[in-house]
Amino acid sequence: MTWARTEQNRFAHEAVGEGPLADAYETALRSTAPPVDPAAGAALRFLAAAIGTRSAVEVGTGCGVSGVWLLKGMAADGILTSVDTNAAYQDHARSVYAAEGFGTGRARLIRGRALEVLPRLADGGYDLVFVDADPEGYPLYLREALRLLRPGGILAFNEALTVSPEPDGPLRAPDPVETAVRETVRQVREDASFVPLLLPVGGGLLAAIHRPAL
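Quick note, the sequence shown lines up with residues 331 to 544 if you use this note's numbering.
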């Protein structure tokens, strides 16, 4: 098991390599917007490629790390719509995308609160929705993702395994972040329109295929 974890980490870090993505990691690690773990990033690239993603939504642009992973997996003409409240982060992300060779039309960066921006996006218009933002908002982002995804689309939530396995109770004060993440995992697991998978990469990547009943 130790070997497997070591190999996974080595494989993922080799995928980062050197260049703009590696530089973006360095910047992100010094910022208040931690980047996705390289193994989680590689998983995002895989998921995006697996369904030939042409349109994706990202909640939490950060310094552009996860956006690069998604764009690397998306179709050559795919467009990433990324939402964040921090203009400086988005400016940096834009420069990272350009340095990685993605044209200006490949990413649409929208500054604003996700719960104000997402309702303006088209119903069923997206192949993939990735959320790496305020975990307390995960249940609300899940509701929007369900509306945004086309049948067969994929949703993914970062840091889904960072909560305590013990539920809130009389001997443990409730934590709003843990409660929200735990509730999101529960809803995805119990919703018959999703085919879920909880990947043990990074802090945990909750992924699910949206497969509504015919």
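Even glycine gets a Cβ: it sits at the ideal position worked out from N, Cα and C. It should be emphasised that the depicted structure is a prediction, and the values quoted were computed from it without experimental measurement.
- prompt: Can you name the residues that DSSP bridges to P526?
  reply: The residue labelled residue 526 in the question sits at position 196 within the sequence shown. Bridge partners of P526: A538.
message: Measuring straight from C-alpha to C-alpha, what distance separates R438 and Y427?
response: Within the sequence shown, numbered from 1, the residue matching residue 438 stands at position 108. Within the sequence shown, numbered from 1, the residue matching residue 427 stands at position 97. Computed Cα separation, rounded: 11 Å.
query: Do you know offhand how far R473's Cα is from G467's?
result: Within the sequence shown, numbered from 1, the residue matching residue 473 stands at position 143. Within the sequence shown, numbered from 1, the residue matching residue 467 stands at position 137. Using only the alpha carbons, I get a separation of about 10 Å.
task: Taking only the alpha-carbon atoms, compute the straight-line gap between P449 and V525 and give it to the nearest angstrom.
output: Sequence index remark: in the sequence shown, residue 449 carries index 119 (1-based). Sequence index remark: in the sequence shown, residue 525 carries index 195 (1-based). Straight-line Cα distance between these residues: approximately 24 Å.
message: Going by the DSSP bridge assignment, what does T411 pair with across the sheet?
response: Here residue 411 refers to the residue found at position 81 when the sequence shown is read from its first residue. Bridge partners of T411: V387 and R438.
- prompt: Tell me which same chain residues have a C-beta within less than 6 Å of the C-beta of L527, skipping the five on either side of it?
  reply: As a working note, residue 527 is residue 197 in the sequence shown. Excluding positions up to five away in sequence, the list reads A537.
- request: Give the C-beta separation of E388 and F460 to the nearest angstrom, bearing in mind that I take them to be a contact with Cβ-Cβ under 8 Å.
  value: For the purposes of this step, residue 388 is taken as residue 58 along the sequence shown, with counting starting at 1. For the purposes of this step, residue 460 is taken as residue 130 along the sequence shown, with counting starting at 1. Right, the Cβ-Cβ distance comes to about 5 Å (below 8 Å), so this counts as a contact.
query: Between G403 and F376, is the Cβ-Cβ spacing less than 8 Å?
result: Locating residue 403 in the sequence shown gives position 73, where the first residue counts as 1. Locating residue 376 in the sequence shown gives position 46, where the first residue counts as 1. Yes, the Cβ-Cβ distance between G403 and F376 is below 8 Å.
message: Does R512 come out as helix, strand or coil in the three-state DSSP assignment?
response: Here residue 512 corresponds to residue number 182 of the sequence shown, with the count starting at 1. It is helical.
message: Classify E489: buried if its beta carbon has 16 or more other beta carbons within 10 angstroms, exposed otherwise.
response: Position 159 of the sequence shown, counting from 1, holds the residue named residue 489. Buried.
- prompt: On the three-state DSSP scale, how would you describe P366?
  reply: Walking along the sequence shown from the start, residue 366 turns up at place 36. Here residue 366 turns out to be Val, not Pro, going by the sequence shown. Looking at V366 - three-state DSSP - the assignment turns out to be coil, as it is neither helix nor strand.
field: Strand pairing of N416, partner residues [DSSP]
entry: By 1-based counting over the sequence shown, the position of residue 416 is 86. Looking at the DSSP assignment, N416 forms no beta bridge with any residue, so it has no partner.
- request: Check the DSSP bridge columns for Y427 and list the partner residues they point to.
  value: Here the question's residue 427 lines up with position 97 in the sequence shown. Partner(s): none; Y427 has no beta bridge.
Beta-carbon proximity check, V395 vs V366, cutoff 8 Å: Indexing the sequence shown from 1 puts residue 395 at position 65. Indexing the sequence shown from 1 puts residue 366 at position 36. Cβ distance < 8 Å, so V395 and V366 count as in contact.
query: Considering only the beta carbon of each residue, do P469 and Q420 sit closer than 8 Å?
result: The residue labelled residue 469 in the question sits at position 139 within the sequence shown. The residue labelled residue 420 in the question sits at position 90 within the sequence shown. No, the pair does not count as a contact, with Cβ atoms beyond the cut-off.
field: Inter-residue Cα distance where the pair is A452 and T411
entry: As a working note, residue 452 is residue 122 in the sequence shown. As a working note, residue 411 is residue 81 in the sequence shown. Whole-angstrom Cα-Cα distance: 12 Å.
task: Report the residue from V398, R512 and I381 whose alpha carbon sits nearest the alpha carbon of R436.
output: The residue given as residue 436 occupies position 106 in the sequence shown. Comparing Cα-Cα distances from R436 to each of V398, R512 and I381, the minimum goes to V398.
message: Among the candidates P465, A417 and H422, whose CA atom is the shortest distance from the CA of G442?
response: In the sequence shown, counting from the first residue as 1, residue 442 sits at position 112. Cα-wise, what sits closest to G442 is A417.
task: Taking 8 Å as the cut-off, decide whether the C-beta atoms of F487 and T514 are in contact.
output: As a position in the sequence shown, residue 487 is number 157, starting the count at 1. As a position in the sequence shown, residue 514 is number 184, starting the count at 1. Yes, the pair counts as a contact, with Cβ atoms nearer than the cut-off.
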